[in-house]
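Under numbering that gives the first Met the number 0, the sequence shown has 488 at position 489, and the numbering climbs by one with no breaks.
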Amino acid sequence: MHSAHIAYAYLADEMAKSRGAQIKAYAPRALKGIKQKLSFRLKALLGWAHFGTYKSFGANEFLEINLTGDQRERARLLYEETLPRLQSTRDVEDMHIKGVWIGDLVYDTYLMSQLKPTINPAGEDFKQFLLESLELYTFWDDYLNEHNVCGVNVSHCVYNLAIPLRLAVYRDIPAFQANVTHVYRLSRDNLFAYNDFFHFRERFAELPEDVREAGLALAQRRIQRRFSGEVGVDMAYSTKSAYVAPKHSRLLRASDKKKILIATHCFFDSPHSYGKNIFPDFYEWLEFLGKMTECTDYDWYVKTHPDFLPGTKEIIDSFVARYPKFTLLPADASHHQIIAEGINFALTSYGTIAFEYAALGIPVINASMNNPHIAYDFNLHPPDPDTYRSMLLDLDKLDFHIDTRQVYEYYFMRHIYNTEDIFFEDYEKFIQDIGGYNAQFTYLAYKKWLAEWTPNRHEKIVSALHSFVASGKFRMDYTFYGQEFSVVSLGDK
């Protein structure tokens, strides 16, 4: 989190000064056992590790999530009231407590913490986890009721980490997610960071014509760099490319059947990153598609992401065993080879393959209305399982045309116009200089920041952040620095 601390420091300072408030830091999870509690208190007292970082920008208290007996009892009663309503995964996803939606947060935290691909609401492990989540809810509900909180900042809008954020939003308390590349202000209308993609088309239309044309050309060049096999183009976290030269013999069967590619997601990693999808989790999505293989005469292929997390392959293997019409492709299979051998359609929930395959002329069907490509027509976006099923049953009847200019427009708005250069003047260069994406989560981020710090840059950030917070807008962007996006802004990216 080292690089994010830069954003936390500036945002906390702005909120404290503009509201006349104190800065308080907190542990996002309940502390368990006397050793964990003593360790927390000792580090807070002495300013060890990250505690020293938070103290350096004014945090004068470290909140410890430690429930009283009364809070535990009220959480237990809330649990007994809530559990009978949770008969399905959809019920868990839709769970509201006192009008506050937290079902998606509980859902995703359970999957990641337990490394489970889906939820069994009747399972004892889920019941225990639900109780712990409601204890966390009770603690923060009480805290916000009993204190004059004038702002909340979280590291993520997903997982139980975001419970205080949701409670703040529903109380109309200013709530933010900040890191070194983005600062978002959340609201009832915008509960998730990064969802500005809903407005890409209208914002692109407002740009000067020369910027639009130059932006499309630049987007095309950068997409081609991805297709050349270059790693990390506008995805600093990526370590492998799926667009390398073919390295396998024939992958797809030679047949006249429709050939469908399923691009899977990590089962554990926050399926609700952008909100609800057609299915509550990626396991249920794949289960649905497995059943579709039994009533269609297609060739079905499954491919994992080349960067898949441990545990993913075993779950995929179980699906292939249960649904023999699934053919599992090698994780390192090149998409160039898959397309050359005749794939007809690709399926994803909201993955990058949606714009990548569209750029290469292949239709993609997304399984979410909250996907980054939703503003555009270069993919198909069924709104519900029934429409999704109908599309899959009648692929021949789909009247669909891909406008590649829309693909380039999307890419420009997502990766170029929506700059990551909020705190560092060149975030991409910062990552390169310190040795790669993961190095920003080490002391090297502090070292680089201090080496580049100047009073002038500092004042610009302070002023921009002050303007952003006062504006009430969703996302902090270049306009808060008093800049206009122009052809010159595109530079030589």
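Glycine is no exception: its CB is placed at the ideal position from the N, C-alpha and C atoms. From a predicted model like this one, the values you see are computed outputs, not experimental measurements.
Residue HIS155 holds the alpha-carbon nearest to the alpha-carbon of MET0 among SER38, GLU134, HIS155. Rounded to the nearest angstrom, the gap between the Cα atoms of PHE422 and TYR9 is 10 Å. Scanning the stretch 101 to 184 for uninterrupted alpha helix (DSSP H) segments of 4 residues or longer gives 102 to 113, 123 to 145, 162 to 169, listed from N- to C-terminal end.
By the Cβ neighbour-count rule, TYR236 is exposed, with fewer than 16 other Cβ atoms within 10 Å of its own. In this structure, the beta-carbon distance from ILE172 to LEU260 does not fall below 8 Å. In this structure the stretch 304 to 322 does not touch the stretch 362 to 377; the number of beta carbon pairs closer than 8 Å is below three.
Under the Cβ criterion (8 Å, minimum of three pairs), the stretch 22 to 29 counts as touching the stretch 131 to 148. Minimum Cα-Cα distance from TYR78 among the listed residues PRO362, TRP100, GLU131 corresponds to GLU131.
Annotation: the stretch 216 to 285 contains the following complete segments of the beta strand (DSSP E) (minimum length 3 residues), in chain order: 258 to 262. Distance from the Cα of PHE125 is smallest, within the candidate group GLU134, LEU133, TYR109, for TYR109. SER272 sits away from MET111, with the two beta carbons spaced by 8 Å or more. Taking C-beta separations shorter than 6 Å and ignoring five residues to either side along the sequence, GLU451 has no partners in its chain. With respect to ASP188, HIS414 sits apart: the two C-beta atoms are not nearer than 8 Å.
The three-state secondary structure of LEU359, taken from DSSP, is coil.
By the C-beta density criterion, LEU45 is exposed, having fewer than 16 other C-beta atoms within 10 angstroms.
In the three-state scheme derived from DSSP, where H, G and I count as helix and E and B as strand, TRP299 is classed as strand.
Here the alpha carbons of GLY471 and ALA463 stand approximately 13 Å from one another.
Just so you know, the alpha carbons of GLU313 and ARG89 end up roughly 25 Å apart. In terms of CA proximity to HIS400, VAL363 leads the group VAL363, GLY434, TYR387. The C-beta distance from PHE467 to VAL182 rounds to 7 Å, short enough to meet the 8 Å contact threshold. For LEU391, the enclosing alpha helix (DSSP H) stretches over residues 384 to 392. Going by C-alpha positions, ASP195 is about 21 Å away from ALA357. In this structure, the alpha-carbon of GLU72 lies about 11 Å from that of LEU133. Counting along the chain, the unbroken beta strand (DSSP E) around LEU346 starts and ends at 344 to 347. In the structure shown, TYR436 adopts helical secondary structure according to DSSP, grouped into three states.
In the three-state scheme derived from DSSP, where H, G and I count as helix and E and B as strand, LYS447 is classed as helix.
When the five nearest sequence neighbours on each side are left out, the beta carbons in the same chain lying within less than 7 Å of the beta carbon of ARG404 are those of LEU215, in order along the chain. Here DSSP, grouped into helix, strand and coil, assigns LEU62 to strand.
LYS23 is a Cβ neighbour of LEU62, given a cutoff of 8 Å. Here the alpha carbon of ASP420 sits roughly 31 Å from the alpha carbon of GLU60.
For ILE338, the secondary structure class from DSSP, reduced to helix, strand or coil, is helix. For PHE325, the enclosing beta strand (DSSP E) starts and ends at 325 to 327. When DSSP states are grouped into helix, strand and coil, LEU379 belongs to the strand group.
Membership of LYS34 in the alpha helix (DSSP H) is indicated by the continuous run 32 to 45.
VAL230 has its alpha-carbon roughly 48 Å from the corresponding atom of HIS146. In the DSSP assignment, LYS23 falls outside any alpha helix (DSSP H) and within the unbroken beta strand (DSSP E) covering 22 to 25.
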